[in-house]
Amino acid sequence: MKVDVAIVGAGAGGLTLAIILGRAGLRVLLLDSRKEIGPVGRGELIQPLGLEILDELGLLESLFSLPHIRNTEFAFLDGRGRPLMCSRYAFGDERFPFSVSLEPHHMDRMLLDCLGGLSNVEIRFGASYSEHHLSEEGADLWWSEGGRMYQTQTAVLVGDDGRRSKVRADAGIAGRIKTYEDSYLSWSFDCPQDAPESVKSSLGRYFIGPGKIFFLFAVSPVRRFFLYMLAQRDRKTLEEKGLPVFLSELDAWVPGLGDTLRRTGLGKLEEIPEMTVMKVDLDRWSRGPVVLVGDAAHAMNPHVAQGRNQAMEDARVLGRALTKDLAAGPVGVLRAIAEYESLRRPRTIDLHRLADEMTWIWNSSNPFIVSLRERVFRGMDRSPSLSRKIVRTISGLSFEPLTTLDKLKAFWAG
Ligand SMILES: Cc1cc2nc3c(=O)[nH]c(=O)nc-3n(C[C@H](O)[C@H](O)[C@H](O)COP(=O)(O)OP(=O)(O)OC[C@H]3O[C@@H](n4cnc5c(N)ncnc54)[C@H](O)[C@@H]3O)c2cc1C
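Sequential numbering of the sequence shown, starting at 291, is according to the numbering used here.
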């Protein structure tokens, strides 16, 4: 079998890329080792950047027909639930003054449906990448499905196979790959109609206390989702004290949440899945015709709520470059990949820096840092120009982090 582009991994990046290349008439093979797309046990934010890409693909209306919530603002509160800052998308002057929160499998299924009409795109679920070797025309790819091994010749091999990418390892692309110390407990639930207003509210809320982070948001009119930071140093205590102590901690932030979770069937702390967070920071994203997108290239801390959006942006930029240059043969492929890397890597380096800074400040339990942080948050809330910068960065459409001077201004204003 021979294709123009083989994509390993049908995450947001792989699916978006397959749509772009497929619509351009290229022969595409898309592999994913999962049997099918299913719930991942958490929600995600589609920022204005992701909305812009979906709009460009003509898929915005399809997105809005899925179970979702539009977030026009997010509230930031301290460890006792007192307001610190309200971040409003309208400050960003964007075409989309909101983000969309949803369970990501809904969106991925929609992207997959969109590929259904393209006979030049072959999609194989339950098919795993095994290895590849470079050839004169690109790469020879070996993959397995149902116990059988297959070989495919491809001009370009794209690794969208996630933060622990095997394509990346086999291509010998090295870098700084780390797992953050603090992980997250993540849970989605249907909110009973008679739940307290504090739980039913669809306002996305970040509670940031000393060494504590708790994030609650709505992913549909009835479905809610939370992330609870499991700080390394608290792990043992929490495991010993179990669910009652955990739920009373949640109640202190969102009155009635503990009781609601019990009623929805949560019986043991161990039932709540733990999600580790990784950083993938590479010096290069390609080797010859093998190129990485999404988390395989740049997994980042979810504090910036950007991973899926950046994976889609990778797909947009790489898709355009390959569509333009692939017909020129191996030289065109290398040119397209070089263009992609030079356009995309700098932004993700910036986002990594921002994510690390946010992690250091937000995850801290040091009383001095906590009080500085809270004062800066309050100051940002009082300064429309600083709020604007934050929203524009979080939207993914531009990168305008706060400078040291901005932080000082916020400190004085707070
Ligand atoms: C707690 C948490 C919260 C997050 N919140 C947000 C958010 O609000 N907004 C946001 O934009 N991002 C968020 N992210 C990040 C986001 O989930 C990822 O960045 C995004 O899913 C990456 O997409 P991807 O295209 O790189 O592929 P991935 O989703 O990483 O998918 C990789 C695919 O490759 C397949 N695969 C792996 N190995 C093989 C193989 N050998 N053969 C075949 N297939 C293979 C896997 O089955 C998988 O389907 C969050 C992440 C975490 C952990």
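By construction, the Cβ of each residue, glycine as well, lies at the ideal position given by its N, Cα and C atoms. Note that the structure is predicted; figures quoted are calculated from it, not measured.
How many Å lie between residue i and residue j at the Cα?
i: residue 528; j: residue 509; result: 27 Å
i: residue 292; j: residue 617; result: 15 Å
i: residue 702; j: residue 605; result: 42 Å
i: residue 411; j: residue 307; result: 11 Å
i: residue 648; j: residue 654; result: 10 Å
i: residue 659; j: residue 651; result: 7 Å
i: residue 481; j: residue 491; result: 10 Å
i: residue 430; j: residue 328; result: 30 Å
i: residue 678; j: residue 342; result: 19 Å
i: residue 319; j: residue 549; result: 48 Å
i: residue 382; j: residue 661; result: 27 Å
i: residue 332; j: residue 426; result: 43 Å
i: residue 356; j: residue 499; result: 34 Å
i: residue 704; j: residue 314; result: 52 Å
i: residue 642; j: residue 635; result: 11 Å
What are the boundary residues of the alpha helix (DSSP H) that residue i is part of?
i: residue 354; result: 350 to 354
i: residue 389; result: That residue, residue 389, is in no alpha helix (DSSP H); its beta strand (DSSP E) goes 389 to 392.
i: residue 669; result: 657 to 672
i: residue 621; result: 620 to 652
i: residue 526; result: 525 to 543
i: residue 412; result: It is not in any alpha helix (DSSP H) - residue 412 instead sits in the beta strand (DSSP E) that spans 411 to 415.
i: residue 368; result: Looking at the DSSP string, residue 368 is not in any alpha helix (DSSP H); the run it does join, the beta strand (DSSP E), is 363 to 368.
i: residue 695; result: 694 to 703
i: residue 310; result: 302 to 313
i: residue 378; result: Unbroken run through residue 378 is the beta strand (DSSP E), 373 to 378; no alpha helix (DSSP H).
How about residue i: is its Cβ closer than 7 Å to a heavy atom in ligand 2?
i: residue 569; result: Among the ligands in the structure shown, ligand 2 does not appear; only ligand 1 can be found there.
By Cβ distance, which residues of its chain are closer than 7 Å to residue i, with the 5 residues on each side in sequence left out?
i: residue 645; result: 590, 591, 593 and 594
i: residue 471; result: 522
i: residue 347; result: 309
i: residue 577; result: 461, 462 and 463
i: residue 277; result: Here the chain has residues from 291 to 704 only, and residue 277 is not among them.
How would you write the range of the beta strand (DSSP E) that residue i sits in, first residue to last?
i: residue 517; result: 513 to 520
i: residue 432; result: 428 to 435
i: residue 298; result: 292 to 298
i: residue 324; result: That residue, residue 324, is in no beta strand (DSSP E); it is neither H nor E in DSSP.
i: residue 442; result: 438 to 449
i: residue 262; result: Nothing about residue 262 can be read from this structure; the chain reaches only from 291 to 704.
i: residue 336; result: 334 to 336
i: residue 582; result: 580 to 582
Ordered along the chain, which non-local residues of its own chain (more than five positions away) have a Cβ less than 6 Å from that of residue i?
i: residue 494; result: 361, 364 and 507
i: residue 378; result: 363
i: residue 340; result: 599 and 602
i: residue 466; result: 571
i: residue 562; result: 475 and 477
i: residue 625; result: 615
i: residue 334; result: 394 and 598
i: residue 444; result: 293, 296, 428, 429 and 431
i: residue 468; result: 569
Can you list, in chain order, the residues of its chain with a C-beta nearer than 8 Å to that of residue i? Leave out the 5 residues immediately preceding and following it.
i: residue 581; result: 446, 447, 448, 449, 575, 608, 627, 630 and 631
i: residue 541; result: 547, 548 and 549
Among the options, which residue has its Cα nearest to the Cα of residue i?
i: residue 570; options: 615, 490 and 458; result: 458
i: residue 680; options: 367, 375 and 421; result: 375
i: residue 400; options: 332, 354, 556 and 386; result: 354
i: residue 675; options: 686, 692 and 659; result: 692
i: residue 663; options: 700, 672, 688 and 678; result: 700
i: residue 557; options: 543, 565, 568 and 535; result: 535
i: residue 758; options: 300, 512, 351 and 559; result: One cannot answer for residue 758 here, as it falls past the ends of the chain, which runs 291 to 704.
i: residue 518; options: 512, 505, 525 and 584; result: 505
i: residue 439; options: 455, 426, 453 and 416; result: 416
i: residue 588; options: 295, 367, 451 and 704; result: 451
i: residue 483; options: 511, 573 and 420; result: 511
i: residue 384; options: 390, 338, 372 and 316; result: 338
i: residue 359; options: 336, 369, 366 and 372; result: 336
i: residue 669; options: 323, 373 and 544; result: 373
i: residue 672; options: 697, 685 and 686; result: 697
Which runs of the beta strand (DSSP E) at least 3 residues long sit entirely within the segment 452 to 506? Give them in chain order. Complete beta strand (DSSP E) runs here, min 3: 465 to 469, 473 to 480 and 494 to 499.
4 or more residues per run - each alpha helix (DSSP H) lying fully within the segment 584 to 611: 585 to 588
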